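Student:
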Amino acid sequence: MLEKKSSKESLMLKFIERNKEAIQNPIIESFLENDKNYELLQKAITNPTDENKREIDNAFKEHYKKIKKIKYISNLIRYFSIDYDKKIKKLNKRFSLTLDKEVLEEGNTTYKDLIETKPLYSEQEAYGKKLKDHIENDKLYQALNALTKKQLEILELKYLKEMSINEIAELIGTTSQNISNQHNKALKKLYKIIGSSDNGSESN
Numbered sequence: 149m150l151e152k153k154s155s156k157e158s159l160m161l162k163f164i165e166r167n168k169e170a171i172q173n174p175i176i177e178s179f180l181e182n183d184k185n186y187e188l189l190q191k192a193i194t195n196p197t198d199e200n201k202r203e204i205d206n207a208f209k210e211h212y213k214k215i216k217k218i219k220y221i222s223n224l225i226r227y228f229s230i231d232y233d234k235k236i237k238k239l240n241k242r243f244s245l246t247l248d249k250e251v252l253e254e255g256n257t258t259y260k261d262l263i264e265t266k267p268l269y270s271e272q273e274a275y276g277k278k279l280k281d282h283i284e285n286d287k288l289y290q291a292l293n294a295l296t297k298k299q300l301e302i303l304e305l306k307y308l309k310e311m312s313i314n315e316i317a318e319l320i321g322t323t324s325q326n327i328s329n330q331h332n333k334a335l336k337k338l339y340k341i342i343g344s345s346d347n348g349s350e351s352n
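One gets my numbering by counting positions in the sequence shown from 1 and adding 148 to each.
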């Protein structure tokens, strides 16, 4: 029994050594962090039947689909954040052009000359708003409501203020790893909620 176990471990070590570069790929690395997936790989290597190969192949395809969905949600949040900022700047520009128009009765005097002006919305004001204020997609908005206060704060700092994971960790007073984990958990939670919502609508 011990000899059999040792043989399996030896095969796994050889496989890992031969495929070291591929295993360091973030997608494969995250796939193998799951104990169940690691066991499936072990089975496929030590007992390479068609069924075992098919199991690991299907598991990886499912994992890759999840990664793509999470990436999509991350991009979706970023898109709405950037889109919101563009709208703010567009409103400011329109407001500024209006103020530059001449007041007919006053000749060359403009509205801007008559009143003390500020931008309609400052960038600081826009970034100071909550992430949910930037979201127009109903499913994403509802999913954001399911996040913890800390997870929502991390997303706001990352996507609204465009801070890095390290900068957020320094601001909050925790480790970069903790922030990274919380960020990933938040995206996975959004994926789970939006994914189940999509499946539900498809079945109707």
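Virtual Cβ for every residue (Gly too), placed ideally from N, Cα, C.
All values reported here derive from a predicted model rather than from experimental measurement.
Using alpha carbons as the reference points, say which of Glu304, Leu288, Gln290, Ala294 lies closest to leucine 388.
Tutor: It is not possible to answer for residue 388, since the shown part of the chain is limited to 149 through 352.
Student: For isoleucine 302, which residues of its own chain have a beta-carbon under 7 Å away from its beta-carbon, when the five flanking residues on both sides are left out?
Tutor: Closer than 7 Å at Cβ, skipping near neighbours: Ile316, Ile327, Gln330, His331, Ala334.
Student: Thinking just about the alpha-carbon of each residue, which of Lys298, Lys336, Ser178 is nearest to the one in isoleucine 320?
Tutor: Isoleucine 320 has its Cα closest to that of Lys298, out of Lys298, Lys336, Ser178.
Student: What residue range does the alpha helix (DSSP H) around leucine 305 cover?
Tutor: Here the alpha helix (DSSP H) through leucine 305 covers 297–307.
Student: Determine, using beta carbons only, whether leucine 338 and leucine 292 come nearer to each other than 9 Å.
Tutor: Their beta carbons are under 9 Å apart, which means leucine 338 touches leucine 292 by this criterion.
Student: Expressed to the nearest angstrom, what Euclidean distance is found between the alpha-carbon atoms of isoleucine 342 and leucine 188?
Tutor: Near 28 Å, if we compare the C-alpha coordinates of leucine 188 and isoleucine 342.
Student: To the nearest angstrom, report how far apart tyrosine 289 and leucine 300 are at their CA atoms.
Tutor: If you take the alpha carbons of tyrosine 289 and leucine 300, they lie about 12 Å apart.
Student: On the three-state DSSP scale, how would you describe threonine 194?
Tutor: In the structure shown, threonine 194 sits in a helix (DSSP, three-state: H, G or I).
Student: Would you mind working out which of Lys336, Glu318, Lys162 sits nearest alanine 294, comparing C-alpha positions?
Tutor: When each option's Cα is compared against that of alanine 294, the closest is Lys336.
Student: Does DSSP put asparagine 167 in a helix, in a strand, or in coil?
Tutor: Asparagine 167 falls in the coil class under three-state DSSP.
Student: List the endpoints of the continuous alpha helix (DSSP H) containing serine 178.
Tutor: 174–180 is the span of the alpha helix (DSSP H), which, as asked, contains serine 178.
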